[in-house]
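The listed protein sequences correspond, in order, to chains S and Z.
Position one of the first sequence corresponds to residue 2 (the working numbering), numbered consecutively onward.
Position one of the second sequence corresponds to residue 2 (the working numbering), numbered consecutively onward.
One structure is given below, encoded as structure tokens.
Number of protein chains: 2
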Amino acid sequence: MHELIHKNILKYIDANDEEFLFFTSKLEKLHLKKKEKLIVAGENCKHLAFVNSGCLRAFISDEQGTEHIIQFAVENYWISDLYGFLTGNPAIYTIEAIENTDVLKISRDSLEDVFRRYPKFERFFRLLIERSHVNLQQRIISSLSDSAEKKYLNLFEKQAFLISRIPQKYLASYLGITAESLSRIKKKMFKKE
Amino acid sequence: MHELIHKNILKYIDANDEEFLFFTSKLEKLHLKKKEKLIVAGENCKHLAFVNSGCLRAFISDEQGTEHIIQFAVENYWISDLYGFLTGNPAIYTIEAIENTDVLKISRDSLEDVFRRYPKFERFFRLLIERSHVNLQQRIISSLSDSAEKKYLNLFEKQAFLISRIPQKYLASYLGITAESLSRIKKKMFKKE
DNA sequence: CAAAAAAATTGATGTAGGTTAAATAATTCA
DNA sequence: TGAATTATTTAACCTACATCAATTTTTTTG
Numbered sequence: 002m003h004e005l006i007h008k009n010i011l012k013y014i015d016a017n018d019e020e021f022l023f024f025t026s027k028l029e030k031l032h033l034k035k036k037e038k039l040i041v042a043g044e045n046c047k048h049l050a051f052v053n054s055g056c057l058r059a060f061i062s063d064e065q066g067t068e069h070i071i072q073f074a075v076e077n078y079w080i081s082d083l084y085g086f087l088t089g090n091p092a093i094y095t096i097e098a099i100e101n102t103d104v105l106k107i108s109r110d111s112l113e114d115v116f117r118r119y120p121k122f123e124r125f126f127r128l129l130i131e132r133s134h135v136n137l138q139q140r141i142i143s144s145l146s147d148s149a150e151k152k153y154l155n156l157f158e159k160q161a162f163l164i165s166r167i168p169q170k171y172l173a174s175y176l177g178i179t180a181e182s183l184s185r186i187k188k189k190m191f192k193k194e
Numbered sequence: 002m003h004e005l006i007h008k009n010i011l012k013y014i015d016a017n018d019e020e021f022l023f024f025t026s027k028l029e030k031l032h033l034k035k036k037e038k039l040i041v042a043g044e045n046c047k048h049l050a051f052v053n054s055g056c057l058r059a060f061i062s063d064e065q066g067t068e069h070i071i072q073f074a075v076e077n078y079w080i081s082d083l084y085g086f087l088t089g090n091p092a093i094y095t096i097e098a099i100e101n102t103d104v105l106k107i108s109r110d111s112l113e114d115v116f117r118r119y120p121k122f123e124r125f126f127r128l129l130i131e132r133s134h135v136n137l138q139q140r141i142i143s144s145l146s147d148s149a150e151k152k153y154l155n156l157f158e159k160q161a162f163l164i165s166r167i168p169q170k171y172l173a174s175y176l177g178i179t180a181e182s183l184s185r186i187k188k189k190m191f192k193k194e
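Right under this line is the structure:
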């Protein structure tokens, strides 16, 4: 049950069994059915979540009610409204299950307990935030300089596993284009090959 | 000479004179003439910089050689290639002076010294990263959902001090539009009023 | 200060991707 | 399973913004 998260943590830090057991003792299991929400924008985001199986999307809705997807998380990914989680302010994102999903979540307080007992976990968390920061940076750069087609190609090259798994309309929203445009881009790409 | 940075730090944490003096002892002064660079993409980014006077821009150049501005920093702002600074990897951004600029910079190692001696400075740094994270988020959301005109209006409302100070072509680059488009947007806006 | 360089404006024209609407195709669920 | 819902595709048309090119304004610098 904690195999995946164990391997995940080991990618960041060198934790022994005792340390890891203390960490897992703080985890809460949660099952989300498709369309159920892990976090709702405007509410308090107390948890950081690890996806054990399934898939989530983090999105915001603008004034016209259009949803913009910021991030997907499949198995072995961490997700949260990092802003709300860190500051205690209301969450900016809503995080919703695209498939039936099992997550392990840990509260801010529990994470602090872990940090206090085993400071090496601070490093794990710092790396998590850094990686999130870099991802945001890459998205901005891509949104400023790439065409819709290029963005889709990038997705193909760097996150192909998302393409086969996630509904097109969500991929389109993630790329910042309409579902119709994405459909045309695909058609054009396959004609070429 | 350290007044501005002192006030800045006090906004984040409650440091006394002794603590602050230790911090300032680690700072290095640096003067940049207009167009000189603080950090060059691809090089090692060892420092975090505080702008005492003047103005900087952080940008990346895409494959076509087009520059995309990610961030401006005027007096009382912190700036760095946070990714390179945190990870030790080559910097993603180039940071260049738009005006003659005085900065105070601190190295990663010195900052670690400060953290070790006075852990309350960790909080200051964490808040800095959080704020940067939120800024990146806002930019993505705006780039996904706002028209060029809306983006300019947002700039007007939230960072008017930039508009009067920064050359239009840089503002345009920051907004992700061409200088020509920005010129037309301004014309249209002033006709309305 | 005047010449040169850089930045901003303006107009004409092009185009990527949006919008609307209708037709299929795939999923859901009773 | 089969009706109903939801997603995807396709086509016709539209628009926001880009590109190109010429002019004017501002800034830089010898």
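Glycine residues also receive a C-beta, built at the ideal position from the N, C-alpha and C atoms.
Between which two residues does the beta strand (DSSP E) carrying residue i extend?
i, result
"Lys106 of chain Z", "Thr102 to Ser108"
"Ile178 of chain S", "Where Ile178 of chain S is concerned, there is no enclosing beta strand (DSSP E), given that its DSSP letter is neither H nor E."
"Thr88 of chain Z", "Looking at the DSSP string, Thr88 of chain Z is not in any beta strand (DSSP E); the run it does join, the alpha helix (DSSP H), is Leu83 to Thr88."
"Thr95 of chain S", "Thr95 to Ala98"
"Glu29 of chain S", "Glu29 to Leu33"
"Gln65 of chain Z", "Run containing Gln65 of chain Z: none; DSSP gives neither H nor E here."
"Ile40 of chain S", "Lys38 to Ile40"
"Ala50 of chain S", "His48 to Ser54"
Which stretch, first to last residue, makes up the alpha helix (DSSP H) that contains residue i?
i, result
"Val135 of chain Z", "Lys121 to Ser146"
"His7 of chain S", "Glu4 to Tyr13"
"Ser26 of chain S", "Asp18 to Ser26"
"Glu150 of chain Z", "Ala149 to Lys159"
Cβ of residue i less than 8 Å from any chain S Cβ?
i, result
"Leu137 of chain Z", "yes"
"Tyr84 of chain Z", "yes"
"His48 of chain Z", "no"
"Ile93 of chain Z", "yes"
Indicate, with yes or no, if the ligand SAH has a heavy atom lying under 7 Å from the CB of residue i.
i, result
"Leu156 of chain Z", "Only the bare structure without any ligand can be found here, which leaves the ligand SAH out of the picture."
Can you pull the chain S residues whose beta carbon is under 7 Å from the beta carbon of residue i, in chain order?
i, result
"Ser146 of chain Z", "Asp63, Thr67 and His69"
Return the chain-ordered list of same chain residues with a C-beta closer than 8 Å to the C-beta of residue i, the five sequence neighbours on each side being excluded.
i, result
"Thr95 of chain Z", "Lys38, Ile40, Val41, Ala42, Ala59, Phe60, Ile61 and Ser62"
"Glu150 of chain Z", "Ile186, Lys189 and Met190"
"Phe157 of chain Z", "Ile164"
"Leu83 of chain S", "Ile130 and Ser133"
"Ser182 of chain S", "Ala149 and Ala173"
Of the residues the options, which one's Cα is nearest the Cα of residue i?
i, options, result
"Arg132 of chain S", "Z:Asp18, Z:Ile70 and Z:Thr88", "Z:Thr88"
"Lys36 of chain Z", "Z:Arg140, Z:Cys46 and Z:Ile99", "Z:Ile99"
"Lys12 of chain S", "S:Phe162, S:Thr179 and S:Leu128", "S:Leu128"
"Val52 of chain Z", "Z:Ser146, Z:Leu137, Z:Gln72 and Z:Thr102", "Z:Thr102"
"Tyr153 of chain S", "S:Val135, S:Lys47, S:His134 and S:Thr179", "S:Thr179"
"Lys170 of chain Z", "Z:Lys30, Z:Cys46, Z:Thr67 and Z:Gln139", "Z:Thr67"
"Ile80 of chain Z", "Z:His134, Z:Gln139, Z:Leu145 and Z:Ile141", "Z:His134"
"Leu5 of chain S", "S:Tyr119, S:Ser54, S:Phe73 and S:Lys159", "S:Ser54"
"Arg118 of chain S", "S:Lys8, S:His7, S:Glu19 and S:Asn9", "S:Glu19"
"Lys30 of chain S", "S:Phe162, S:Pro168 and S:Leu105", "S:Leu105"
"His32 of chain S", "S:Cys56, S:Glu113 and S:Leu83", "S:Cys56"
"Phe23 of chain S", "S:Asn77, S:Lys34 and S:Glu113", "S:Glu113"
"Gln72 of chain S", "S:Arg140, S:Ala16, S:Leu145 and S:Glu181", "S:Arg140"
"Ala16 of chain Z", "Z:Ser111, Z:Asn77, Z:Lys34 and Z:Pro120", "Z:Pro120"
"Ser148 of chain Z", "Z:Ala173, Z:Lys34, Z:Glu76 and Z:Ser111", "Z:Ala173"
"Gln65 of chain Z", "S:Ser111, S:Gln138, S:Leu137 and S:Ser146", "S:Ser146"
"Leu160 of chain S", "S:Asn136, S:Ser111 and S:Phe126", "Sequence inspection shows Gln at residue 160 of chain S; the Leu mentioned does not correspond to that position. Cα-wise, what sits closest to Gln160 of chain S is S:Asn136."
Skipping 5 residues on each side, what residues in its chain have a beta carbon closer than 6 Å to that of residue i?
i, result
"Phe122 of chain S", "Val115 and Phe116"
"His3 of chain S", "Thr25"
"Ile107 of chain S", "Lys27, Leu28 and Leu49"
"Tyr175 of chain S", "Ile70"
"Arg124 of chain S", "Ile14"
"Ala74 of chain Z", "Val52, Leu57 and Ile80"
Within 8 Å (strictly less), CB to CB, does residue i reach chain Z?
i, result
"Ile142 of chain S", "yes"
"Ile186 of chain S", "no"
"Ile14 of chain S", "no"
"Gly177 of chain S", "yes"
"His3 of chain S", "no"
"Ile40 of chain S", "no"
"Ile167 of chain S", "no"
Can you name the residues of chain S whose CB is closer than 9 Å to the CB of residue i?
i, result
"Thr88 of chain Z", "Leu128, Glu131 and Val135"
Kindly list the residues whose CB is nearer than 7 Å to the CB of residue i, restricted to its own chain and excluding five residues on each side of it in sequence; keep chain order.
i, result
"Glu44 of chain Z", "Pro91 and Ala92"
"Phe21 of chain S", "His7 and Ile10"
"Arg109 of chain Z", "Lys47 and Phe86"
"Ser143 of chain S", "Lys152 and Asn155"
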